[in-house]
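Here the protein sequences line up with chains A and B, keeping their order. Residues 6 to 272 in the numbering used here are what the first sequence spells out, letter by letter. Residues 6 to 272 in the numbering used here are what the second sequence spells out, letter by letter.
There are 2 protein chains.
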Amino acid sequence: MPQSSMIVIGERINGMFRDVKRAIRKRDPEPIQQLALDQVKAGADLLDVNVGAASSRPEKAMQWLVKTIQEVTDTPLTLDNPKLEIIQAGLEVVKHPPLINSTNADPERLEIYLQLALEHNASLLCLTMDKSGVPQDVNRRVECAAVIVSTAQVMGLPMERLYIDPIILPVNCAQEQPGFILEALSQFRYLSDPPPHLVVGLSNVSQGAPERSLINRTCLVLCMAAGLDAAILDPFDTELMDAMITADVLLNRQIYSDSYLKAYRSR
Amino acid sequence: MPQSSMIVIGERINGMFRDVKRAIRKRDPEPIQQLALDQVKAGADLLDVNVGAASSRPEKAMQWLVKTIQEVTDTPLTLDNPKLEIIQAGLEVVKHPPLINSTNADPERLEIYLQLALEHNASLLCLTMDKSGVPQDVNRRVECAAVIVSTAQVMGLPMERLYIDPIILPVNCAQEQPGFILEALSQFRYLSDPPPHLVVGLSNVSQGAPERSLINRTCLVLCMAAGLDAAILDPFDTELMDAMITADVLLNRQIYSDSYLKAYRSR
Chain A
6 MPQSSMIVIG ERINGMFRDV KRAIRKRDPE PIQQLALDQV KAGADLLDVN
56 VGAASSRPEK AMQWLVKTIQ EVTDTPLTLD NPKLEIIQAG LEVVKHPPLI
106 NSTNADPERL EIYLQLALEH NASLLCLTMD KSGVPQDVNR RVECAAVIVS
156 TAQVMGLPME RLYIDPIILP VNCAQEQPGF ILEALSQFRY LSDPPPHLVV
206 GLSNVSQGAP ERSLINRTCL VLCMAAGLDA AILDPFDTEL MDAMITADVL
256 LNRQIYSDSY LKAYRSR
Chain B
6 MPQSSMIVIG ERINGMFRDV KRAIRKRDPE PIQQLALDQV KAGADLLDVN
56 VGAASSRPEK AMQWLVKTIQ EVTDTPLTLD NPKLEIIQAG LEVVKHPPLI
106 NSTNADPERL EIYLQLALEH NASLLCLTMD KSGVPQDVNR RVECAAVIVS
156 TAQVMGLPME RLYIDPIILP VNCAQEQPGF ILEALSQFRY LSDPPPHLVV
206 GLSNVSQGAP ERSLINRTCL VLCMAAGLDA AILDPFDTEL MDAMITADVL
256 LNRQIYSDSY LKAYRSR
């Protein structure tokens, strides 16, 4: 089990949110910079940067977002896009070693992204899927994770720069999936010593469900028991952050004091 | 992993609470009966009955409590006392097969209680400790659990009537302990197939801490990821119950619907 506290990747700078989409289209830096600063204040260790479908020239939009955020904070960024050329555009302007989000276990794609991460001193997030799609069971996820870990080891990416994501599916569509995620996470931990980081894109579990915040925070705590040490999430969700901080304390990854919530927030 | 939803043991009928203590001393049935009915309504599957230090004649007090509760509900009871004679007093008047709470892994004591459970068609809660005290590590807890499981098997108590409790210690005193509990629970599951029930007295983890409810519900969800399927807790803590119900849904132990919280509560 990882001994350090959870790595929080703030999800809010994403073109799928209306305020971000509008700011990207108008090239208005203020809302983006405010979201960056507010997320850091709320506990984000990294800031996810995703242009979404906000722009017809996503490479330019990614570069504008990266530069705009870097004007106000040194917090490392997560360059989030399925397309290589948009990631590369972000890498051209990013100042601090970022997390590249994401590739998968398809060997051809995986090697290209590992090479990219090595060249840019970046970390790399890999989804446990390949050309045949998102696994519906535990074993295929573990197989994909094993390919990812072994390829990273062969190519020389240290495990502390590798993030593996088992891909959470919405609980309202596939109720057995969160349990499979827990089992997969438990097994990922044993793929190497030290293990890679284990990460989820948390909000996906509650897509379309009325009780989103409750489902998100409960799922996060369950995953933390199974070894999760990073998550892409909404740091403005105070109850989610409270649950995460408390789980870190109970897992002995943060020091207990009677004011541990306050202590975390005034880091 | 157990496939049924969490077994909730309501903790509120305990002489350590002022209202219960007063009711026991005055032999006033109303507060006790109300607590019984309200806990059942809030989701309790069993009701813990503990005279605490409320009476100089605890055998009589236990019998009065059991009879008083049975006047208003058929919900099974947990006879909770460290002394054999007080458990026996409760057994004399209890109508439905109860859960006996508790014995430990000390062989002499364990055999007496197993015999008692067999004679009364009762279930039995066993703490993973023995004459040398409460274990501070994982291995001693697992050793005690192995003694408990194997003795129960030899004497013929079915696993569905055995509850094993790894003894949660307050996080503010011993911060590494909750992590040990998770690891111990994970290992207990493999002691037999089917496994025994795994239970904790939840509130102990937050003794003396300001954020009791937050710590309790976060600890419960962590333990559920490790296989916990029963807990002695306060069913009046709505946020705790919400977290528990949601974890059951995520672990596929209750059916998801958009109104799953309401569905649980209107069982």
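Here a beta-carbon is modelled for each residue, glycine too, at the ideal position from N, C-alpha and C.
- Residues Ser262 of the same chain have their beta carbon placed closer than 7 Å to that of Ala268 (chain B), with the five preceding and five following residues left out of the count.
- Taking a Cβ-Cβ threshold of 9 Å, the residues of chain B close to Ile220 (chain A) are Thr251, Val254, Leu255, in chain order.
- In the structure shown, Thr108 (chain A) adopts extended strand secondary structure according to DSSP, grouped into three states.
- Going by C-alpha positions, Thr78 (chain A) is about 57 Å away from Ala110 (chain B).
- Going by DSSP, Asp24 (chain A) is part of the alpha helix (DSSP H) stretching over 23-31.
- If you draw a straight line from the Cα of His125 (chain A) to the Cα of Leu82 (chain A), it is about 13 Å long.
- About 6 Å separates the Cβ atoms of Leu167 (chain B) and Leu129 (chain B), confirming a contact at the 8 Å cut-off.
- For Gly206 (chain B), the uninterrupted beta strand (DSSP E) run begins and ends at 202-206, by DSSP.
- A check of alpha carbon separations from Ala127 (chain A) across A:His101, A:Lys136, A:Val143 identifies A:His101 as the nearest.
- For the pair of segments examined, the segment 208-218 of chain A was found not to touch the segment 227-239 of chain B: the number of CB pairs separated by less than 8 Å stays below three.
- Here DSSP, grouped into helix, strand and coil, assigns Tyr261 (chain B) to coil.
- For Pro200 (chain B), the closest of B:Leu115, B:Ala151, B:Val226 by C-alpha to C-alpha distance is B:Ala151.
- As for any beta strand (DSSP E) of minimum length 3 sitting wholly inside the segment 33-59 of chain B, the runs are 51-54, ordered along the chain.
- Against chain A, the CB of Val13 (chain B) has no partner CB under 8 Å away; the residue lies outside that interface.
- Counting along the chain, the unbroken alpha helix (DSSP H) around Ala94 (chain B) starts and ends at 89-98.
- DSSP places Leu84 (chain B) inside the beta strand (DSSP E), whose first and last residues are 82-85.
- Just measuring C-alpha positions, the residue of A:Ser9, A:Ile105, A:Ala157 sitting nearest Leu196 (chain A) is A:Ala157.
- According to DSSP, residue pairing for Leu123 (chain A) in a beta bridge does not occur.
- Under the three-state reduction of DSSP output, Cys149 (chain A) falls in the helix class.
- Taking each of A:Ala252, A:Pro103, A:Ser264, A:Gln180 in turn and checking the Cα distance to Asp53 (chain A), the smallest one comes out for A:Pro103.
- By the Cβ rule, the segment 15-34 of chain B does not count as touching the segment 38-53 of chain A, because fewer than three pairs are nearer than 8 Å.
- Within the same chain, Cβ atoms closer than 7 Å to the Cβ of Asp247 (chain B) are found at Leu266, the five residues on either side in sequence being excluded.
- In terms of beta-carbon proximity, Pro215 (chain A) lines the interface with chain B, with at least one pair separated by less than 8 Å.
- For Ile172 (chain B), no beta strand (DSSP E) segment is defined, and its DSSP state is neither H nor E.
- In this structure, the straight-line span from the alpha carbon of Gly57 (chain B) to that of Asn86 (chain B) is close to 8 Å.
- In terms of Cα proximity to Leu187 (chain B), the closest of B:Phe241, B:Ile172, B:Asn177, B:Glu16 is B:Ile172.
- For Val210 (chain A), there is no enclosing beta strand (DSSP E), as DSSP marks it with neither H nor E.
- Straight-line spacing of the CA atoms in Ser9 (chain B) and Leu190 (chain B) works out to 17 Å.
- Contact between Glu64 (chain B) and Ala28 (chain B) fails: their C-beta atoms lie close to 17 Å from each other, not under 8 Å.
- Chain-order list of chain B residues neighbouring Ala230 (chain A): Leu187, Leu227, Ala230, Ala231, by C-beta distance under 7 Å.
- Each residue's CA atom was taken as its position, placing Leu115 (chain A) and Asp135 (chain A) some 10 Å apart.
- Per the C-alpha coordinates, the member of B:Val254, B:Phe241, B:Glu216 positioned closest to Val226 (chain B) is B:Val254.
- For Gly184 (chain B), the nearest CB of chain A lies under 8 Å from its own CB, placing it at the interface with that chain.
- Nearest to Ile169 (chain B) by alpha-carbon distance, out of B:Lys72, B:Ile74, B:Val45, B:Cys149, is B:Cys149.
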